[in-house]
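Trainee:
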Amino acid sequence: MEVKLNGVGLFACGLPSWQQGRAVLTGESSYQHDLSPAFDVDLLPRNERRRATKTTRLALQVAQEAMQSAQISDRAELCSVFSCSGGDTETLDMICTSLALPGQGVSPNQFHNSVHNAPAGYWAIANGSRGPSTSLSAYDSSFAAGLLDAVSLVAVMEQPVLLVAYDVPPPAALFPFRPLVAPFGAALLLCPESADGEGLVLALAISTDRYEDQLAGELEILRIGNPAARCLPMLAAIARGGQAEVVLPYFPESQLIVRLRC
Amino acid sequence: MSPLQVTAYTLVNALGTGVQASLRALQDRLGGLRPCDFDGAQLDTWIGRVEGMEQTPIPGQLAEFDCRNNRLAYMGLIQDGFSQRIAEAHTRYGANRIGVFIGTSTSGIQETERAYCQRDPETGTLPESYRYRYTHNLFSVAAFTRRLFGILGPAQSVSTACSSSAKVFASAHRHITAGLCDAAVVGGVDSLCLTTLCGFNSLELVSSRPCRPWDARRDGISIGEAAGFALLERANGDSPAVALLGYGESVDAFHMSSPHPEGLGAKLSIERALRSAGLCPEDIDYINLHGTATPTNDSSEDRAVVSVFGKKTPCSATKGWTGHCLGAAGIVEALFTCLAIEHGFIPGTLNTEAPDPALSAAIALGNRVSAIKRALSNSFGFGGNNCSLVFGRLD
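Protein sequences appear in the order of chains A and B. In this text, residue positions in the first sequence follow the working numbering: the first is 3, and each later residue adds one. In this text, residue positions in the second sequence follow the working numbering: the first is 1112, and each later residue adds one.
(1) Does DSSP put A1136/B in a helix, a strand or coil?
(2) Against G1310/B, what residues of chain D qualify as contacts under a CB-to-CB distance less than 7 Å, listed in chain order?
(3) For P1321/B and N1462/B, which I take to be in contact (beta-carbon distance under 8 Å), what is that distance rounded to the nearest angstrom?
(4) Distance check for S85/A and G1163/B, CA to CA, integer angstroms please.
(5) Could you tell me which whole beta strand (DSSP E) segments of length 3 or greater appear in the stretch 1198–1275 of chain B?
(6) Just to make sure I have the definition right: I need the residues of chain B whose C-beta is within less than 8 Å of the C-beta of E255/A. Which are they?
(7) Identify each residue in the stretch 175–195 of chain A for which the Cβ-Cβ distance to at least one residue of chain B is less than 8 Å, and report them in chain order.
(8) In angstroms, rounded to a whole number, what distance separates the CA positions of L1183/B and V1123/B?
(9) So what does DSSP say about D1301/B, is it helix, strand or coil?
(10) Could you check which residue in L1400/B, N1347/B and G1492/B has the C-alpha nearest to that of R1203/B?
(11) Distance, Cα to Cα, S1380/B vs G187/A?
(12) Three or more beta-carbon pairs under 8 Å between the stretch 1420–1436 of chain B and the stretch 1457–1475 of chain B, yes or no?
(13) Does any residue of chain B have a CB that is nearer than 8 Å to the CB of S139/A?
(14) Please list the partners that A1266/B has in chain A, where partner means a Cβ-to-Cβ separation under 9 Å.
(15) Along chain A, which residues have their Cβ under 9 Å away from the Cβ of H1286/B?
(16) Under 8 Å by Cβ, that's how I've got M69/A and G9/A pegged, so tell me the actual separation to the nearest angstrom.
(17) Taking 8 Å as the threshold (beta carbon to beta carbon), is R132/A in contact with chain B?
(18) Among the candidates S71/A, L149/A and R51/A, whose CA atom is the shortest distance from the CA of A230/A?
(19) Among V83/A, V153/A, E92/A and G107/A, which one has its Cα closest to the Cα of N119/A?
(20) For the stretch 1394–1442 of chain B, which segments carrying the alpha helix (DSSP H) assignment without a break, of at least 4 residues, lie completely within its bounds, in sequence order?
(21) Would you mind listing the beta strand (DSSP E) stretches within the stretch 1148–1180 of chain B that are 3+ residues and don't spill past its ends, in chain order?
(22) Roughly how many whole angstroms lie between the Cα atoms of G243/A and E214/A?
(23) If you run the structure through DSSP and keep just helix, strand and coil, what is C193/A?
(24) Which value, in whole angstroms, describes the spacing of the CA atoms of V108/A and T1307/B?
(25) How many Å lie between M1186/B and K1378/B at the Cα?
(26) For S196/A, count neighbouring C-beta atoms within 10 Å of its own C-beta (all shown protein chains included) and say buried if the count is 16 or more, exposed if not.
(27) Check this for me: beta carbons of G1503/B and L1400/B, under 8 Å apart or not?
(28) By a C-beta neighbour count over all protein chains shown, 10 Å radius and 16 as the cutoff for buried, is S32/A buried or exposed?
(29) To which residues of the same chain is A146/A closer than 6 Å at the C-beta, ignoring the five residues directly before and after it?
(30) Please look up how many angstroms separate the CB atoms of Y1358/B and A1384/B, rounded, as I've assumed it's under 8 Å.
(31) Which of the residues in the stretch 115–126 of chain A, read from start to end, lie with their CB under 8 Å from any CB of chain B?
Structural data, given as structure tokens:
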């Protein structure tokens, strides 16, 4: 089950885009974890942009970057996998807050934005993409689960699949119960291995006897501090280019091996 | 695609606990809706409520998962000899080779709703006893299922609103095809909570009467809760009655909470399902509609169904029995479709009195005996996320 990598998107503190972040991941530039980049999303229509939560903006930002350099002949057929361990906790916090007040009101807009697949829906509308789209969670295993789902979807549909992995620290009330260190988003545009164009080829396998790859310093704090950031060792290998084997965590008793080749 | 046999299944909903309870209620045309009496919600609506959960906390080592949603999951998982069939799959394939794919839209959010009513008045902090990871988080029901059965294969919770527990069939098939597992527990669980009751109410999508799909005077949904699970594996000649023959998925890419008026996304998912099953529209003997009873869903689904099948293929909407079970609607109706095939009958469209003359699909109001070889089940969710499943006998 091999796929070709056609585009990458990235957004986190000190890693404001794949363009800039790849130099940090190869060690060419230093990682400045306290640099908080701003979102720069023009995908949403103006009135939606004002109301869009951090979760939606993050997902769309990295999705947009991954699509930028790719040549997709038919966006209508593009499939997607959106992987987020917690969903839009900002919206869920607002809903639970208003439900606790007398009258138990819920804003209709907040309610339809609270569905886990809201970012996927906005993305599909903006791109006119009608291919299969899933939105999933596997808690701390969400990145690996999303990557497995996306690669199997490329294999069956024989179409490009955009994987978007994203998680945002929840608002104050929920934070002690899900203390993510910082927001993190990454996107990969995966195509059938036989597709035209240059790109690293990726193959996956599940194992039960390996140890997950670790990073150093603040990047390691980010990797273990946000479930979407578990992809960082793989992104580092992609940034370096060439052949590599990366071990990502999956469930406590299993790992996801990612083999990269040119 | 290669079919996957539906080796075993189990169901809990407003019609009762276990598959037989649903079958009897469908055949006897006894609906499960009641005026809303849920947990402080003062809403003029009917709901499909499951009895008995309030008194049955999750016992023992899995108590940390305790919440309404996981209690409902537990009730389902211990029915119908399902755990025995899982044990057989363990022996046949090994724990690492069984996947878990569960759909849910709100998971254990009720725990969060309750926690927000118990905030510290000065600091606003939530009570220490709140267990976000094992209750509210979307993955909790899949994690619970894995732990209960000692399953260690690939797993995910799918959350695409009302198509969630139909899409799990597709995910499971792809993982099995890719060699990532050999069998899969697929399912869906969603439970009553203020978020959905008040949320759908604020969108004015809720009826004050039991829902009437396809009716000229339909005016909204009735919300229900349910848990359903199925064990899927490659067809192995053991001949269980029914198999998954195909599936199709799509996104409307139109609007976040209204379906495409011509049912474009629905048409795509139906066509993709037929194509993956290697079937033509004429091969389908019965369609279980998504049929939520909102004016817009039913008209856009009608357009999609008629454009693919014409006006002769019998169809029905069964949400009048159970209510709209949201993230569990997909599995409930997939299993109703399997029951229809196995027992040779079409369940009608309960509560509906006079079909809308503007709709032209061949809607069955009453039940009828019918040899069904292949059937289609539709599930369409917010964000325009669509899934259609084809089930049939394997001969």
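Note that CB positions come from ideal geometry on N, CA and C, so glycine has one too. From a predicted model like this one, the values you see are computed outputs, not experimental measurements.
Mentor: This is what the structure holds:
(1) As a working mapping, residue 1136/B is identified with position 25 in the second sequence. DSSP places A1136/B in helix when its eight states are reduced to three.
(2) Absent from the structure: chain D. Protein chains present are A and B.
(3) The count along the second sequence starts at 1 and reaches residue 1321/B at position 210. The count along the second sequence starts at 1 and reaches residue 1462/B at position 351. Contact flag correct, Cβ pair sits at about 5 Å.
(4) By one-based count along the second sequence, residue 1163/B stands at place 52. By one-based count along the first sequence, residue 85/A stands at place 83. Taking the straight line joining both Cα atoms gives about 34 Å.
(5) 1209–1214 and 1266–1269
(6) Mapped onto the first sequence, residue 255/A falls at position 253. What E255/A touches in chain B: L1263.
(7) A175, L176, P178, F179 and R180
(8) Taking the first residue of the second sequence as position 1, residue 1183/B is located at position 72. Taking the first residue of the second sequence as position 1, residue 1123/B is located at position 12. Rounded to whole angstroms, L1183/B to V1123/B spans 8 Å at the Cα level.
(9) For the purposes of this step, residue 1301/B is taken as residue 190 along the second sequence, with counting starting at 1. Residue state, collapsed to three classes: strand.
(10) Within the second sequence, numbered from 1, the residue matching residue 1203/B stands at position 92. Considering only alpha carbons, the answer is N1347/B.
(11) Position 269 of the second sequence, counted from the first residue, corresponds to residue 1380/B. Position 185 of the first sequence, counted from the first residue, corresponds to residue 187/A. Whole-angstrom Cα-Cα distance: 29 Å.
(12) yes
(13) Sequence index remark: in the first sequence, residue 139/A carries index 137 (1-based). By this cut-off, S139/A is an interface position.
(14) Here residue 1266/B corresponds to residue number 155 of the second sequence, with the count starting at 1. Simply A140, S143, A147 and F253.
(15) Numbered from its first residue, the second sequence carries residue 1286/B at position 175. Simply L150, D151 and S154.
(16) As a first step, residue 69/A is located in the first sequence; it is residue number 67 there, counting from the start. As a first step, residue 9/A is located in the first sequence; it is residue number 7 there, counting from the start. Indeed, because the Cβ distance is near 6 Å, the residues count as touching under 8 Å.
(17) In the first sequence, counting from the first residue as 1, residue 132/A sits at position 130. Yes, because at least one Cβ of chain B sits closer than 8 Å to the Cβ of R132/A.
(18) On the first sequence, residue 230/A is found 228 positions in, with the first residue counted as 1. Checking every option, the nearest Cα to that of A230/A belongs to L149/A.
(19) Counted from its first residue, the first sequence places residue 119/A at position 117. Residue V83/A is the option with its Cα nearest to N119/A.
(20) 1406–1420 and 1430–1433
(21) 1157–1159
(22) Against the first sequence, residue 243/A aligns to sequence position 241. Against the first sequence, residue 214/A aligns to sequence position 212. If I take the Cα positions, the gap works out to 20 Å.
(23) The count along the first sequence starts at 1 and reaches residue 193/A at position 191. Correct three-state label for C193/A: strand.
(24) Stepping through the first sequence from its first residue, residue 108/A is reached at position 106. Stepping through the second sequence from its first residue, residue 1307/B is reached at position 196. So the alpha carbons of these two residues sit roughly 9 Å apart.
(25) As a first step, residue 1186/B must be located in the second sequence, where it is residue number 75. As a first step, residue 1378/B must be located in the second sequence, where it is residue number 267. Between M1186/B and K1378/B, the C-alpha separation is close to 35 Å.
(26) Within the first sequence, the letter at position 194 stands for residue 196/A. Under this definition S196/A is an exposed residue.
(27) Mapped onto the second sequence, residue 1503/B falls at position 392. Mapped onto the second sequence, residue 1400/B falls at position 289. The answer is no: Cβ separation not under 8 Å.
(28) Here residue 32/A is taken as the residue at index 30 of the first sequence, counted from 1. That one is exposed.
(29) Locating residue 146/A in the first sequence gives position 144, counting from the first residue. Only L250, Y252 and L258 meet the Cβ criterion.
(30) By one-based count along the second sequence, residue 1358/B stands at place 247. By one-based count along the second sequence, residue 1384/B stands at place 273. So it is a contact: roughly 5 Å between Cβ atoms.
(31) N115, S116, V117, H118, N119, A120, A122, G123, Y124 and A126
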